[in-house]
Amino acid sequence: MGADASDLSLVRRVQRGDKGAFDALVLKYQHKLVKLVMRYVRNPAEAEDIAQEAFIKAYRALPQFRGDSAFYTWLYRIAINTAKNAVVSRDRSPVEYDLDRKSEESYDMQGRMKDSETPEALVLTDEIRAIVNSAIDALPEDLRTAIVLRELDGLSYEEIAAAMDCPVGTVRSRIFRAREAIDQRLREVFEGGLGRAEELG
Amino acid sequence: MNEELDSQLSAMFDDELPAAECELLARRLSRDEQLKARWGRYAAIGATIRAERGVRLNGALAWKVNAAILAEPALGATAAPQRAPGSGGWRWRQGVAGVAVAAGVAAVSILWLRGQAPLPTVAVAARQALPPQVLAATPAALSSTAGPPGSYVVPRTPAVRPVVVPITELANYVVAHSAVSSPVARRNLLSAFMTSEAGAAGTEEPLEAARSNAQ
Chain A
62 MGADASDLSL VRRVQRGDKG AFDALVLKYQ HKLVKLVMRY VRNPAEAEDI
112 AQEAFIKAYR ALPQFRGDSA FYTWLYRIAI NTAKNAVVSR DRSPVEYDLD
162 RKSEESYDMQ GRMKDSETPE ALVLTDEIRA IVNSAIDALP EDLRTAIVLR
212 ELDGLSYEEI AAAMDCPVGT VRSRIFRARE AIDQRLREVF EGGLGRAEEL
262 G
Chain B
208 MNEELDSQLS AMFDDELPAA ECELLARRLS RDEQLKARWG RYAAIGATIR
258 AERGVRLNGA LAWKVNAAIL AEPALGATAA PQRAPGSGGW RWRQGVAGVA
308 VAAGVAAVSI LWLRGQAPLP TVAVAARQAL PPQVLAATPA ALSSTAGPPG
358 SYVVPRTPAV RPVVVPITEL ANYVVAHSAV SSPVARRNLL SAFMTSEAGA
408 AGTEEPLEAA RSNAQ
């Protein structure tokens, strides 16, 4: 498994003119990017605007992306520069300049953001969180451990296999089954009610 | 939904799928909206576990970016100009202008050569393909035409001297009346005929005929 092979295969498709592949990259990284940009701006709506601008800049610059670094690393730099430029041009002070990426990953923005988010967004986010948390609690221990080690600690399948003393194939299966169980709960609750279709309608 | 496919999707999301399988699945993912929605929910699940704020299921941000990207030109068609921003468009225009100028010069040259050459190349080729007897029969036919090979060329009617019917009739008239007219009158008439024949027609042939007939 080549590092970043999944992103790279999507990137190559975009470079050949497949816009749908870029949509998949946006879906994958939108939350990370908004969280990253919120180190520089307080307003979540503004952070989303900057993240959107960063994605569009990335799309336009994609012909120059050669895959020397991971796609997210490259996207991360674009987002940081876009956020800094936005802060300078709007003459606003950045919230946290001294945070490095490592600390950003573990930094909880929850307390700072609560008063600036819309009530609807908060309800929606809280509802999703409640469903996901309850679904995780209902998972068998081996599935829960696998998905948490992957999503929260960012371990590779090999590292998880070593930690759980099982084959890599089993880790892959456990993570997939955990996701399916959580996704099933999400779909049961939000079937037809959320997502892009509702926003378009 | 195929469980194996979903399992692959989950592994691809974690960047744990072999590159060859990634290529195939990326192709499907970019086209299959259901698969893409599932991919988006996987991202939302991960963001929720990490306690990231503003988690949506296929939220507004992805939709806005998607709408903006749809308005953009596809990268495959515009990759070359984007590699040299600022100068790419100018180079493209320069290339087109160069081709246009070259085509114009070529067209003018061809027209000029056509005006200068007595036998166009095509006509020469067609002429060479004709048998000698045809060439001899139509010497002027191909000299002024430039039809494509294989096309039918209407040969120009060869220049024929005009038949001066009134002069012949006059000669006949003189011969027919010579028997009844006086010698002086006949000579005067013949003299007048010869004078008018030389001035009007400028040819010797009818004159010769008139003379022989008169005699």
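Listed in order, the protein sequences are those of chains A and B.
Going by the working numbering, the residue at position 117 of the first sequence is 178; the numbering climbs one at a time, nothing skipped.
Going by the working numbering, the residue at position 62 of the second sequence is 269; the numbering climbs one at a time, nothing skipped.
Idealized CB from N, CA, C, for every residue including glycine.
Being a predicted model, the structure only gives us computed values, none of them experimental.
Cβ of residue i within 7 Å of any chain B Cβ
| i | result |
| --- | --- |
| A:P124 | yes |
| A:D187 | no |
| A:I111 | no |
| A:Y120 | yes |
| A:D84 | yes |
| A:D129 | no |
| A:G78 | yes |
| A:V250 | no |
| A:I221 | no |
| A:S195 | no |
| A:S150 | no |
| A:A224 | no |
| A:G81 | yes |
| A:Y40 | There is simply no residue 40 of chain A to check, as chain A begins at 62 and stops at 262 in what is shown. |
| A:S167 | In this prediction, A:S167 scores a pLDDT of 43, lower than 50, which makes its location untrustworthy; no coordinate-derived value is stated. |
| A:F116 | yes |
| A:E107 | no |
| A:F237 | yes |
| A:I243 | yes |
| A:E202 | no |
Option in the options with minimal Cα separation from residue i
| i | options | result |
| --- | --- | --- |
| A:I189 | B:L216, B:A250, B:K243, B:R235 | B:A250 |
| B:I276 | A:G128, A:T134, A:D84 | A:D84 |
| A:R73 | B:A258, B:K271, B:R245, B:E230 | B:E230 |
| A:A144 | A:A106, A:R100, A:I117 | A:R100 |
| A:R233 | A:A242, A:A222, A:I243, A:D226 | A:A222 |
| A:A239 | A:D68, A:A82, A:V148, A:N194 | A:N194 |
| A:A115 | B:K271, B:K243, B:R257, B:F220 | B:K271 |
| A:Y61 | A:A119, A:R103, A:V102 | Outside the shown range of chain A (62 to 262) lies residue 61 of chain A, about which nothing can therefore be said. |
| A:A112 | B:A267, B:M219, B:A258 | B:A267 |
| A:G128 | A:A147, A:R121, A:A66 | A:A66 |
| A:V102 | A:D226, A:N142, A:R205, A:A207 | A:N142 |
| B:G283 | A:L247, A:L136, A:A122, A:R246 | A:A122 |
| A:D198 | A:C227, A:M225, A:R246 | A:R246 |
| B:E259 | A:I117, A:V209, A:H92, A:Y137 | A:H92 |
| B:R257 | A:V209, A:D226, A:P228 | A:V209 |
Per-residue burial, residue i [other beta carbons within 10 Å of its own, 16 or more giving buried]
| i | result |
| --- | --- |
| B:Q241 | exposed |
| A:L213 | exposed |
| B:T255 | buried |
| A:A196 | buried |
| A:T134 | exposed |
| A:G215 | exposed |
| B:G253 | buried |
| B:G247 | buried |
| B:A227 | exposed |
| A:Q76 | buried |
| A:G230 | exposed |
| A:P105 | buried |
| A:G81 | buried |
| A:D187 | exposed |
| B:E279 | exposed |
| B:R245 | buried |
| A:A147 | buried |
| B:Q215 | buried |
| A:V98 | buried |
| B:S217 | buried |
| B:A274 | exposed |
| A:D244 | buried |
| B:D221 | buried |
Residue i at chain A interface by Cβ criterion, 7 Å
| i | result |
| --- | --- |
| B:N273 | yes |
| B:R238 | yes |
| B:E211 | no |
| B:V341 | Unreliable positioning characterises B:V341 in this predicted model, as indicated by a pLDDT of 41, which lies under 50. The coordinate reading is nonetheless provided below. Not an interface residue. |
| B:A278 | no |
| B:R235 | no |
Beta-carbon gap between residue i and residue j smaller than 7 Å
| i | j | result |
| --- | --- | --- |
| B:A269 | A:V250 | no |
| A:Y218 | B:E223 | yes |
| A:D203 | B:S237 | no |
| A:R211 | A:I236 | yes |
| B:A281 | A:L71 | no |
| A:L200 | A:A140 | no |
| A:V95 | A:E109 | yes |
| A:F132 | A:D68 | yes |
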